[in-house]
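See below for the structure under consideration.
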Amino acid sequence: MTGINIQTMRSFLLLAGLLLFASPNFGQKPIKKPVLPNKNTTTTTPSKPSRSYINGHEYVDIGLSVKWATCNVGASSPSEYGDYFAWGETQTKSLFVEDNSAISNRRMPDIAGNAKYDAARSNWGGSWRLPTSDELDELISKCKREWTAMGGVNGYKVTGPNGKSIFLPASGCYKSNTLGFAGGCAVYWTSTPYEKGTQNAYGLIIVSDGFERSDVPRYCGVSVRPVSD
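Here our numbering is used: the first residue of the sequence shown is 1, the next is one more, and so on.
Next up, the structure:
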């Protein structure tokens with residue numbers, strides 16, 4: 001996968017799709033099957049699962065302030081993309097546009113643990129919730145990361161201070177009814193609204209050469225990786 005970097009992704013997300021065709025993968029139908037790694041991608045074998053569960057969903061304690069789930073909401077394995085959600089919505093859908101966003105342009109508090117708005121809490125129950133912006137910053141600052149592939153799917157192996165790890169697949173993101181950049185990037189929601197306005201919320205943007213927190217339009221359809229205290 002070439003032609004995708006953090007700046008490209010931020011431009012795509014923040015400038016209403018002006019770089020819509022920056023990636024050769026944009027415009028594909030939703031990808032549920034594995035995306036083969038490119039020749040410059042290393043391959044990792046999944047480690048044995050920790051077999052630790054909360055409300056029926058597996059997690060790994062990677063040595064941070066919260067436990068991180070091993071799978072995205074809607075996925076049954078770490079390498080599956082799972083479902084896509086607009087920020088503040090708890091059900092997936094086929095069309096992601098500003099006009100059908102439930103809380104775009106609406107001033108909101110942090111939604112962590114609020115089952116009405118938090119897709120992790122609503123779908124998984126128990127103590128599962130979206131990570132806050134601060135918890136995402138902790139993941140970024142305290143963990144080692146490696147762009148790799150698991151089960152033929154590109155993504156990041158994120159290793160915590162205690163040596164245990166999770167895998168974040170490059171699941172792409174939705175705008176309108178099209179999944180773009182799958183296999184080359186991903187966006188993951190936090191529970192924290194962007195403080196400068198009411199149209200965006202914070203998320204994690206990952207590409208093969210970058211990994212950072214940024215504000216993302218709330219109506220975009222992106223992945224959810226739950227955490228628990």
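Glycine included, C-beta positions come from ideal geometry on N, C-alpha and C.
| Item | Value |
| --- | --- |
| Whole-angstrom C-beta distance between W189 and W87, which should lie under 8 angstroms | 6 angstroms |
| Length-filtered (3 minimum) beta strand (DSSP E) runs lying within the segment 168-211 | 173-175, 178-180, 185-193 and 200-207 |
| Complete runs of the beta strand (DSSP E) confined to the segment 116-150 [at least 3 residues] | 144-150 |
| Contact check, C185 vs C220, beta carbons under 9 angstroms | no |
| Residue ranges of each beta strand (DSSP E) within the segment 43-117, 3 or longer | 52-54, 57-60 and 67-69 |
| Y144, buried or exposed, once every other Cβ within 10 Å from all chains shown has been counted against 16 | According to the sequence as given, residue 144 is Lys; it is not Tyr. Result: exposed. |
| Nearest residue (CA-CA) to A119, options L130, P109 and D110 | L130 |
| First and last residue of the uninterrupted beta strand (DSSP E) at Y156 | V153 to T159 |
| contact_flag[the segment 167-182, the segment 83-101] where n(CB pairs < 8 angstroms) is 3 or more | yes |
| Beta-carbon proximity of K67 to S228, cut-off 9 angstroms | yes |
| Per DSSP, the bridge partner or partners of V222 | F85 |
| Check whether R225 and N200 have beta carbons under 9 angstroms apart | no |
| Simplified DSSP assignment, three categories, for D215 | strand |
| 9 angstroms Cβ cutoff met for S104 and F167 | no |
| For N72, the nearest candidate out of G126, G210, S65 and H57 (CA to CA) | H57 |
| Y59 vs S223 beta-carbon contact at 9 angstroms | no |
| Separation of Y156 from W128, as counted between CA atoms | 22 angstroms |
| Straight-line gap, L136 to S76 (C-alpha atoms, nearest Å) | 23 angstroms |
| From N55, I54, G203 and A69, residue whose alpha carbon lies closest to that of S165 | A69 |
| Straight-line Cα distance separating A170 from M150 | 11 angstroms |
| Beta-carbon separation (whole angstroms), G203 vs S214, contact threshold 8 angstroms | 7 angstroms |
| Close-in-space but distant-in-sequence residues of the same chain around E241 (CB under 7 angstroms, 5 per side omitted) | Summary: the structure shown does not reach residue 241, with the chain confined to residues 1 through 229, and so no result is reported for it. |
| Among G113, P161 and T148, the one whose alpha carbon lies nearest that of K142 | P161 |
| Buried or exposed by the 16-neighbour rule on C-beta atoms within 10 Å, applied to G180 | buried |
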